[in-house]
Amino acid sequence: MMVRSKALLLLAAALLPFQPQAFARAPKATKPAPVAAAAPAIPAGRPAPRLLVAIAVDQFSADLFAQYRSHFVAGLARLSGGMAFPAGYQSHAATETCPGHSTILTGMRPAHTGIIANTWIDQSVGRDKKAVYCAEDETRQAADPKDYVASVDHLLVPTLGERMKAQWSASRNVAVSGKDRGALMMGGHKIDQVYWWKGKGFATLEGRTLSPEAVAENSSLAEVLGAGAPGFTLPAWCGAQDRAIALNTGAAAAGGIGIANSMAGGAAPAPTAFSVGTGRFVLAAGDANAFRTSPRLDRATLDLATELVDSMKLGKGAAPDMLSVSLSATDYIGHATGTEGAEMCIQMQQLDLALGDFFKALDDRGLDYAVVLTADHGGFDLPERLHEQALPSAERAAPALLPEQISAAVAAKLNLDPKGLVLGDGAFGDFWVKRDLSAEDKARVVAEAKALLMAQPQVQAVFTAAELAAAPMPSGSPETWSLLDRARASFYAPRSGDFVVILKRGVVPIVRPMPGIVATHGSAWDYDRRVPILFWRAGMTPFEQPSAVETVDIAPSLAALIGLKAPAGTFDGKCLDLDAGPGTTCGVTN
Ligand SMILES: [Zn+2]
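In terms of my numbering, the sequence shown opens at residue 90 and continues consecutively.
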């Protein structure tokens, strides 16, 4: 877990010159290529890129991309004019951050990455809290009892950066994110440097020390936080969205607040009136939460990424390097204010500008890099605004869908103890039955819970673990997958629930809105599954391909672009040919 020293990296680079066939600039005519069967991985005469930059914009749905595409003028305009796949899919049902990030650079579905959700219940864990976070090591106790030890141990497969390091020992694998799970699920286990935003600055894995660049970035951010900052100017084209939506948290009642994605924040607060839709991201001095939920977080993440490009000389080594960047502000803003307010409109503009500056910085350094940008999942607006904008069917999930209430109803029917009978992480998704029941009682609980839930008007489907285990892994276009197919792609038997609940389209699994959490994602519906997938490299002929592709196609596509050897079965996805002409970029792996 120690940081590999720069001196060792330089030594390795010097000792292991990087000369696979795919990178040879001009093979000598007199000497045949040693691997005659392999087609060129890249357009003739063009060396492979020296740096891969994979960017995940958290909660950047295909809908947001389509809505704002004509307004992009900087980084996102550049990518829009590259090899653009506007109908990408995070194909699986559990469209949460951790599973979504786990597909992007592994090329594998959550059923194979093992990252079935942000949080799952493991009743065998040797601690009181049985909820396990996807990016923690639950076998270790953090120094602060309220904290956890960040880890990528739950990810079952290697990432592209790890595969590159396995093929070329000089390859560097670096990840930066606004969230630990974003950086860790894209970076993987063997990672040279990894940073994520934590509270008031960037942090790294336990046992590692912050690089001087991260220390410097943190100290400059501390100044911004300490001083505060004015809000952002509303672009003229955001005017129609600048409209307040009044919300109320409702009375604090027994039963807690059902929210998905591990965002439960303890006891229910007193009723509070608040509104969303007209924010400008004014930063009050010292308000770290406001910093996080603003375009400033993405800019800080990209700044640190640029500093690491310089300090590690990424893209200038003896082998191609991997830089993963996960930008979290879009997601925090989406949860706090929804997708259709002035806040998201400002964020889209600022994201575009920040990415433009980042790409310009890479250009200025003379790097030959290839970019892919996608998202870990899509998103959905808040029901209160959807009602005003022609979607009256949108609604918040009923408290009856929460695990405590399911437990009570099932226990009453079967005459069992309700305490911890059915466990879960919110009003939908995976649910687990108390493990010390007899097999017979467990089966009765699953059957009764399924019957009760199917009678609920907001429930679309309930699949048991047995049904999912018996289902084949889906194939074909993700837009035609059944709900069972989608749930199957999220199913990994050792971690998945005893049954999975899929809510009807338009049901938002936040029982009551609260400041900071009014809207969400996570459903099996296309507003949460569809994401843009945008590739770009200088000099490549752009094209648009509107047919459905998948985020698991990204890793095989990038692998082929750099000549990484990947035997059949390495990926769930397929290589996308990024050459617009008769040539192919898929020569090596396909
Ligand atoms: Zn996310």
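The beta-carbon is built from N, C-alpha and C at its ideal position, and this holds for glycine as well. Model, not experiment: these values are computed from the prediction.
Taking the Cβ atom as the reference point for each residue, do R619 and G467 lie within a distance shorter than 7 Å?
-> Taking the sequence shown and counting its residues from 1, one reaches residue 619 at position 530. Taking the sequence shown and counting its residues from 1, one reaches residue 467 at position 378. For R619 and G467, yes; Cβs fall inside 7 Å.
Contacting residues, own chain, Cβ-Cβ under 8 Å from S94 (five flanking each side not counted) | Stepping through the sequence shown from its first residue, residue 94 is reached at position 5. Note that S94 scores a pLDDT of 36, beneath 50, so its modelled location is shaky and nothing firm can be said.
Check: D453 C-beta below 6 Å from any heavy atom of ligand 1 | Position 364 of the sequence shown holds residue 453. Checking the Cβ of D453 against ligand 1 gives no.
Return the bridge partner residues of S364 from the DSSP annotation.
-> To locate residue 364, count along the sequence shown from 1; it is residue 275. DSSP, once it has assigned bridges, lists A335 as partnering S364.
From M603, P472, G672, residue whose alpha carbon lies closest to that of T361 = The residue labelled residue 361 in the question sits at position 272 within the sequence shown. If we check each option's Cα against that of T361, M603 comes out closest.
Report the rounded CA-to-CA distance for A333 versus G368, giving the unit in angstroms.
-> The residue labelled residue 333 in the question sits at position 244 within the sequence shown. The residue labelled residue 368 in the question sits at position 279 within the sequence shown. Computed Cα separation, rounded: 9 Å.
Quick one: what does DSSP say M172 is sitting in, helix, strand or coil?
-> Walking along the sequence shown from the start, residue 172 turns up at place 83. It is a strand residue.
Residues bridged to M411 (per DSSP) = By 1-based counting over the sequence shown, the position of residue 411 is 322. Per DSSP, L141, N262.
Name, in chain order, the residues that DSSP records as bridge partners for E306.
-> Here residue 306 is taken as the residue at index 217 of the sequence shown, counted from 1. DSSP, once it has assigned bridges, lists no residue as partnering E306.
From what residue to what residue does the beta strand (DSSP E) around F154 run?
-> Position 65 of the sequence shown holds residue 154. Looking at the DSSP string, F154 is not in any beta strand (DSSP E); the run it does join, the alpha helix (DSSP H), is 151-157.
Check whether L397 and E302 have beta carbons under 7 Å apart | The count along the sequence shown starts at 1 and reaches residue 397 at position 308. The count along the sequence shown starts at 1 and reaches residue 302 at position 213. Contact flag set, yes.
Cβ atoms of G164 and F448: under 7 Å apart, would you say?
-> Walking along the sequence shown from the start, residue 448 turns up at place 359. Walking along the sequence shown from the start, residue 164 turns up at place 75. In this structure, G164 lies closer than 7 Å to F448 by Cβ.
Check whether the Cβ atoms of L314 and F380 lie closer than 7 Å to each other.
-> In the sequence shown, the residue the question calls residue 314 occupies position 225. In the sequence shown, the residue the question calls residue 380 occupies position 291. Yes, they are a contact pair.
Less than 7 Å separating the beta-carbons of F291 and V461?
-> For this step, residue 291 is matched to residue 202 along the sequence shown. For this step, residue 461 is matched to residue 372 along the sequence shown. No, the pair does not count as a contact, with Cβ atoms beyond the cut-off.
Sorted by chain position, which residues of the same chain lie with C-beta nearer than 7 Å to D661's C-beta, five sequence neighbours on each side aside?
-> The residue given as residue 661 occupies position 572 in the sequence shown. Cβ neighbours of D661 beyond the five flanking positions: G196, M197, R198, H201, V641.
Does the segment 411-424 come close enough to the segment 381-400 to have 3 or more Cβ pairs within less than 8 Å?
-> yes
Kindly provide the chain-ordered list of residues whose Cβ lies closer than 5 Å to any non-hydrogen atom of ligand 1.
-> D147, T186, D420, D465
Give the range of the beta strand (DSSP E) segment to which A292 is assigned.
-> Taking the sequence shown and counting its residues from 1, the one referred to as residue 292 is at position 203. Per DSSP, A292 belongs to the beta strand (DSSP E) from 290-292.
Reference T338, options E473, V511, G586, closest by Cα | By 1-based counting over the sequence shown, the position of residue 338 is 249. Looking at the Cα atoms, E473 is the closest of the given residues.
Give the range of the alpha helix (DSSP H) segment to which A443 is assigned.
-> Mapped onto the sequence shown, residue 443 falls at position 354. Looking at the DSSP string, the run of the alpha helix (DSSP H) that includes A443 is 431-453.
Is it true that the CB of I204 sits closer than 7 Å to the CB of S585?
-> Position 496 of the sequence shown holds residue 585. Position 115 of the sequence shown holds residue 204. Going by C-beta atoms, S585 is not nearer than 7 Å to I204.
Give the single residue among L471, A637, A487 whose Cα lies nearest to the Cα of P481.
-> In the sequence shown, the residue the question calls residue 481 occupies position 392. Considering only alpha carbons, the answer is L471.
Can you list, in chain order, the residues of its chain whose CB lies under 6 Å from that of F370, leaving out five sequence neighbours each side?
-> Here the question's residue 370 lines up with position 281 in the sequence shown. Contacts found: G320, F321, S383.
Go to A550, then tell me how far its beta strand (DSSP E) extends in each direction, as first and last residue.
-> Here the question's residue 550 lines up with position 461 in the sequence shown. Its beta strand (DSSP E) spans residues 548-553.
Between A231 and the rest of its own chain, which residues show a CB-CB distance below 6 Å, the 5 nearest in sequence each way excluded?
-> Against the sequence shown, residue 231 aligns to sequence position 142. Excluding residues within five positions, the ones whose Cβ falls inside 6 Å are Y237, V238.
Check whether T553 and F588 have beta carbons under 7 Å apart = The count along the sequence shown starts at 1 and reaches residue 553 at position 464. The count along the sequence shown starts at 1 and reaches residue 588 at position 499. Yes, the Cβ-Cβ distance between T553 and F588 is below 7 Å.
Out of A183, A528, L572, S260, state which residue places its alpha-carbon closest to the alpha-carbon of T208.
-> By 1-based counting over the sequence shown, the position of residue 208 is 119. Nearest option by C-alpha distance: A183.
Would the beta-carbon of P175 fall within 7 Å of that of P621?
-> Against the sequence shown, residue 175 aligns to sequence position 86. Against the sequence shown, residue 621 aligns to sequence position 532. Contact flag set, yes.
F380 by DSSP, collapsed to three states: which one?
-> By 1-based counting over the sequence shown, the position of residue 380 is 291. Helix, per DSSP.
Alpha-carbon spacing of A576 relative to A166, whole angstroms | Here the question's residue 576 lines up with position 487 in the sequence shown. Here the question's residue 166 lines up with position 77 in the sequence shown. So the two alpha carbons sit approximately 34 Å from each other.
Is it true that the segment 431-446 meets the segment 143-162, where meeting means three or more beta-carbon pairs spaced less than 8 Å apart?
-> yes
Rounded Cβ spacing between L491 and A483 (contact assumed at less than 8 Å) = On the sequence shown, residue 491 is found 402 positions in, with the first residue counted as 1. On the sequence shown, residue 483 is found 394 positions in, with the first residue counted as 1. With 8 Å as the limit, L491 and A483 do not qualify as a contact, their Cβ atoms being about 19 Å apart.
Examine ligand 2 and report whether any of its heavy atoms sits within less than 6 Å of the Cβ of P488.
-> With respect to ligand 2, the structure offers nothing, as its ligand set consists of ligand 1.
Between E306 and L249, is the Cβ-Cβ spacing less than 7 Å?
-> Taking the sequence shown and counting its residues from 1, the one referred to as residue 306 is at position 217. Taking the sequence shown and counting its residues from 1, the one referred to as residue 249 is at position 160. The answer is no: Cβ separation not under 7 Å.
Whole-angstrom Cβ separation of T318 and K289, contact assumed at under 8 Å?
-> Counted from its first residue, the sequence shown places residue 318 at position 229. Counted from its first residue, the sequence shown places residue 289 at position 200. Position check: residue 318 holds Ala in this sequence, whereas Thr was assumed. Between K289 and A318 the Cβ distance is about 15 Å, and since that is not below 8 Å, they are no contact.
How many angstroms separate the CA atom of K219 from the CA atom of V597?
-> Taking the sequence shown and counting its residues from 1, the one referred to as residue 219 is at position 130. Taking the sequence shown and counting its residues from 1, the one referred to as residue 597 is at position 508. In a straight line, the C-alpha of K219 is about 25 Å away from that of V597.
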